[in-house]
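Here's the structure, in structure tokens; my notes come after.
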Amino acid sequence: MPVQYTSRQLSERVEIESHKRPNRFRRRTWWAAFWLSVACVVWLAYEGAHGDYHIFEGGDVAHVHRMFENDCAKCHTTWAPLERALHLDFSHKVYSVDNKACLACHPGSVHHTNQIPAHDVLSCAECHLEHKGNHSLVSVGDNVCLRCHAHIETSDNEKSFVTSVREFGRQDGHPEFAFARLLDSKSPDTPGIGKKHEVLKLLKFDEKAGWQDRANIRFNHSAHLKSERDESGQLVYGLIGQDQRLGKERFTDLSQTCHACHEKDAQGRYMLPIRFEQHCQKCHPLLFDNAKFPGLQVPHERPEVVRGFLTDNYTLTALRDPASVGEAKPVRSIPGRKSRPVLSKDQVGWVEEQLKSAEIQTLRHTHAMFGPEAKGGCAYCHTVNNQDQPGAWEIVPPNIPDRWEPHAIFSHQAHQMMNCVECHGAVGESKDTGDVMLPKMELCGKCHSRHPEQPPAGAPLRYFGASNDCVECHVYHDHGEDRFVGTLDSLLGDSKANPDAILKDKNTN
Ligand code: HEC
Ligand code: HEC
Ligand code: HEC
Ligand code: HEC
Ligand code: HEC
Ligand code: HEC
Ligand code: HEC
Ligand code: HEC
Ligand code: HEC
Ligand code: HEC
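All the letters of the sequence shown, read from the start, carry residue numbers 146 to 654 under this note's numbering.
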């Protein structure tokens with residue numbers, strides 16, 4: 146039969162003061178903790194004393210800064226964590242790097258002088274995140290841009306750009322590109338486009354045609370590129386040319402070779418400017434007098450230079466071959482001096498006569514005179530002032546724009562998987578320089594968006610697109626000065642790597 150205990154007897158069996166009794170296990174745990182802490186402090190002190198501060202970091206700095214990573218004070222000049230703890234302020238408005246430290250190496254240029262908060266009030270560290278290992282310093286999240294751009298405010302109340310942006314590729318999330326807004330407006334008013342907007346320099350307003358490409362040069366894409374459908378129904382573009390063997394007009398497929406005139410720059414970003422000598426001259430030669438000077442062309446230069454060239458050529462002809470001028474007088478020479486050829490009055494008259502007609506030819510000649518090549522007089526392509534006054538005509542500078550979206554960046558190389566006409570489809574029908582044949586935003590949004598709001602009928606819902614981060618297409622700093630300009634002499638000793646230092650040395654020696 147089990148023994149029955151009263152509750153009192155039970156409580157007496159429990160030793161209330163048991164935790165005060167020495168216990169071996171507990172004691173050892175305490176000592177272990179103590180010695181481990183000491184070891185940590187010693188370790189930290191040891192590493193510190195040996196100059197290795199790596200151990201105090203949360204993660205490596207970005208690889209561009211790794212060279213001076215251990216020199217924490219290059220960036221850290223404040224005791225922000227301590228300050229935050231003392232003030233019990235965890236809003237993280239105090240940064241543990243001072244902009245001044247960054248500015249010592251990067252004189253970081255402002256975004257816009259009228260921004261609120263001003264450039265020097267924003268911490269560099271807000272956008273350039275450190276201690277994240279191989280994370281790129283320049284992959285900046287949209288949140289920092291939208292902080293201002295969701296509802297822009299400016300210190301001077303001037304607003305040249307659209308005031309609200311949310312997300313690219315989303316309905317009403319980003320403004321239509323400026324040139325397209327102008328083209329659509331059809332009136333000289335420029336709603337939402339302030340005075341400082343560079344697009345106003347790329348387009349000019351014409352009463353009849355509306356907003357137009359500003360270039361002062363005649364060019365007709367469709368005359369140079371014929372469009373036809375091939376067997377599969379695809380549009381192909383070709384450069385018209387005579388096929389020698391067949392003896393008739395044919396066109397070569399140029400759907401991938403707009404490069405005949407448009408070549409990418411070294412980074413593959415934009416198309417290099419058109420050059421007459423490279424892209425036009427072989428078909429539009431600048432002949433002026435094929436009878437006397439077969440095949441000879443005037444230089445593609447300012448009118449004075451052209452006039453000088455013509456004067457030289459006709460004068461030399463008159464001197465070398467007086468018979469051609471219609472008189473065969475011996476050339477007079479001044480006694481006592483080495484004989485120097487001098488033009489007679491009649492010869493001068495002849496040269497002037499020739500010059501007049503040659504200048505007119507140079508300006509307006511047509512291919513009927515010279516053979517199968519295309520027309521080539523200056524006025525065929527250029528707007529020429531004082532066209533009817535030989536000796537006084539002037540070429541209006543062509544002024545062909547070389548950038549169309551100056552407030553964004555673009556890369557043709559990154560889109561090499563696409564055909565030119567997928568973006569510049571209007572080229573085939575363009576007959577006039579005034580046409581602008583650039584893609585509008587809707588096309589870009591087809592790829593550069595995360596959640597297409599309405600996938601095309603039948604197409605699967607797509608969750609991943611090309612990046613639509615603001616920094617994919619925009620830069621923040623007004624470039625020029627924000628690259629590295631300092632020296633890393635703390636590591637390299639008294640550095641001679643600084644060109645200024647070398648120059649100074651040279652000058653003092
Ligand atoms: C290239 C500049 C740079 C260098 C070099 C650098 N850091 Fe940093 N560090 C930063 C930036 C930027 C931050 C983020 C600041 C913030 O958010 O307040 C940061 C944050 C920190 C923080 C967190 C502080 C806080 O305010 O929360 C610690 C700790 C830290 N760094 C330690 C180090 C140590 C130790 C070294 C040297 C071994 C070092 N850093 C070298 C730029 C640098
Ligand atoms: C001791 C000089 C030095 C200091 C201080 C310094 N940097 Fe740099 N930084 C460099 C060098 C060197 C490069 C690499 C060369 C370059 O890209 O021009 C670089 C590159 C960069 C880049 C370009 C990264 C890229 O991927 O192209 C950014 C952004 C940058 N630094 C921001 C900062 C910020 C923010 C600070 C302050 C926390 C800072 N730097 C402090 C020397 C410095
Ligand atoms: C501190 C506020 C502020 C922040 C942050 C900011 N912007 Fe701006 N941004 C402005 C102001 C102000 C203007 C000029 C507005 C005007 O004059 O109409 C501007 C203009 C622009 C423009 C048009 C003109 C131009 O220079 O190209 C673009 C594009 C732009 N910002 C992109 C960005 C991107 C991308 C980011 C994020 C990396 C960003 N901005 C962050 C204030 C800011
Ligand atoms: C492969 C030869 C070729 C090249 C290269 C070429 N053209 Fe032409 N161009 C022609 C031919 C052929 C015509 C006549 C087409 C016609 O009458 O339909 C023509 C016509 C023109 C016209 C008149 C169009 C019109 O509307 O009547 C202009 C202006 C012109 N070219 C300018 C240029 C310029 C500027 C360049 C260089 C960027 C250039 N061409 C390069 C062959 C060429
Ligand atoms: C087939 C078309 C064509 C003909 C014909 C032509 N040009 Fe040009 N010209 C161009 C193009 C395209 C440019 C812009 C690209 C360049 O500078 O090479 C240009 C640029 C110029 C410029 C540079 C203007 C500036 O300010 O940049 C001058 C000067 C000039 N041409 C003079 C002439 C003269 C003089 C003639 C006649 C002898 C002539 N051109 C005939 C197409 C032509
Ligand atoms: C993804 C669409 C896209 C494709 C594909 C494309 N372009 Fe462009 N193109 C653009 C945009 C956007 C601009 C305006 C860039 C700027 O100036 O800011 C442009 C500008 C141009 C310009 C004006 C000069 C310049 O660089 O700004 C020419 C010429 C041009 N493209 C020719 C071509 C040719 C030739 C091809 C085929 C090799 C091509 N493009 C393929 C989108 C495209
Ligand atoms: C014979 C030379 C020639 C060829 C070939 C040619 N272009 Fe052009 N292109 C020009 C000239 C000259 C200009 C500048 C005059 C102007 O602004 O229209 C120009 C301008 C452009 C522009 C920017 C100006 C605007 O108004 O949009 C685009 C985009 C362009 N071309 C696309 C193309 C594409 C795409 C092809 C191939 C299908 C092509 N071009 C083939 C000579 C050529
Ligand atoms: C067919 C899909 C497609 C279309 C349409 C498209 N893009 Fe892209 N774009 C891409 C892809 C994919 C990349 C990344 C390619 C890479 O990084 O090499 C890219 C990259 C870019 C970049 C970054 C380039 C760099 O390396 O700096 C810019 C800027 C850009 N696109 C702008 C545009 C603009 C503006 C348009 C509209 C005129 C456009 N894209 C239309 C697919 C597209
Ligand atoms: C796929 C490329 C792309 C992306 C992503 C993108 N933009 Fe743009 N953005 C452009 C182009 C192209 C323009 C026209 C630039 C011009 O007209 O010079 C533009 C124009 C602007 C302008 C000036 C508008 C005006 O009034 O002319 C602002 C501001 C702007 N973008 C802000 C942003 C912000 C903020 C983000 C991120 C939420 C962003 N953009 C994302 C391509 C892009
Ligand atoms: C609002 C966000 C933002 C702030 C604040 C900011 N930057 Fe940047 N920075 C960027 C972006 C986005 C890029 C990459 C695109 C570009 O070059 O504009 C960049 C690029 C850079 C580069 C590399 C330039 C190059 O040519 O590749 C340097 C260096 C730099 N920033 C230094 C600084 C310094 C120093 C400060 C503080 C005075 C600072 N940044 C403040 C957003 C910012």
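For every residue, glycine included, the Cβ atom is placed at its ideal position computed from N, Cα and C. Only a predicted model underlies this, so the values are computations on that prediction, with no experimental measurement involved.
Any heavy atom of ligand 6 inside 7 Å of the beta-carbon of residue i?
i, result
"residue 320", "no"
Consult DSSP for residue i and reduce its assignment to one of helix, strand or coil.
i, result
"residue 564", "coil"
"residue 582", "coil"
"residue 432", "strand"
"residue 473", "Caution applies to residue 473, whose pLDDT of 48 falls short of 50 and renders its modelled position unreliable; the value that the coordinates give is listed next. In this structure, residue 473 counts as coil in the three-state DSSP scheme."
"residue 159", "coil"
"residue 351", "strand"
"residue 188", "helix"
"residue 514", "For residue 514, the pLDDT reaches just 42, beneath the cut-off of 50, and the residue's location in the model is therefore unreliable, although a value from the coordinates is still provided. Helix."
"residue 324", "helix"
"residue 441", "coil"
"residue 626", "Here residue 626 scores only 46 on pLDDT, less than 50, and its place in the model should not be relied on; the value that follows carries that caveat. Residue 626 falls in the coil class under three-state DSSP."
"residue 267", "coil"
"residue 549", "coil"
"residue 272", "helix"
"residue 106", "The chain is shown only over 146 to 654; residue 106 falls outside these bounds and no answer can be derived."
"residue 247", "helix"
Looking only at DSSP bridge pairs, what is residue i linked to?
i, result
"residue 168", "BP columns for residue 168 are empty, so no partner."
"residue 299", "260"
"residue 362", "527"
"residue 539", "530"
"residue 416", "409"
"residue 356", "350"
Looking at ligand 1, does it come within less than 7 Å of residue i, judged from the CB to the closest heavy atom?
i, result
"residue 206", "yes"
"residue 270", "yes"
"residue 187", "no"
Short check: CB of residue i to CB of residue j, under 8 Å?
i, j, result
"residue 286", "residue 205", "no"
"residue 443", "residue 454", "yes"
"residue 580", "residue 571", "yes"
"residue 366", "residue 575", "yes"
"residue 452", "residue 536", "yes"
"residue 333", "residue 350", "yes"
"residue 345", "residue 324", "no"
"residue 361", "residue 301", "no"
"residue 409", "residue 557", "yes"
"residue 242", "residue 220", "yes"
"residue 496", "residue 459", "yes"
"residue 306", "residue 585", "no"
"residue 294", "residue 283", "no"
"residue 421", "residue 506", "no"
"residue 467", "residue 547", "no"
"residue 551", "residue 343", "yes"
Could you check whether the Cβ of residue i sits closer than 7 Å to any heavy atom belonging to ligand 7?
i, result
"residue 369", "yes"
"residue 582", "yes"
Shorter than 7 Å, the distance from the beta carbon of residue i to the closest heavy atom of ligand 4, or not?
i, result
"residue 589", "no"
"residue 365", "yes"
Ligand 5 and residue i: does the residue's C-beta get closer than 7 Å to at least one heavy atom of that ligand?
i, result
"residue 438", "no"
Indicate, with yes or no, if ligand 10 has a heavy atom lying under 7 Å from the CB of residue i.
i, result
"residue 248", "yes"
Please report whether the beta-carbon of residue i lies at a distance below 8 Å from any beta-carbon of chain C.
i, result
"residue 280", "Included in the structure is just one protein chain, with no chain C present."
Following a CB-centred definition, is residue i positioned closer than 7 Å to any heavy atom of ligand 8?
i, result
"residue 593", "yes"
Using 7 Å as the cut-off, classify the Cβ of residue i as near or not near the heavy atoms of ligand 3, replying yes or no.
i, result
"residue 621", "yes"
Confirm the yes/no value for this check: CB of residue i, any heavy atom of ligand 2, distance under 7 Å.
i, result
"residue 283", "yes"
Is any heavy atom of ligand 9 found at a distance shorter than 7 Å from the C-beta of residue i?
i, result
"residue 618", "yes"
"residue 290", "yes"
"residue 613", "yes"
"residue 307", "yes"
- prompt: Whose beta carbon lies closer than 5 Å to any heavy atom of ligand 6, going through the chain in order?
  reply: 403, 407, 415, 416, 548, 549, 550, 555, 560, 563, 565, 568
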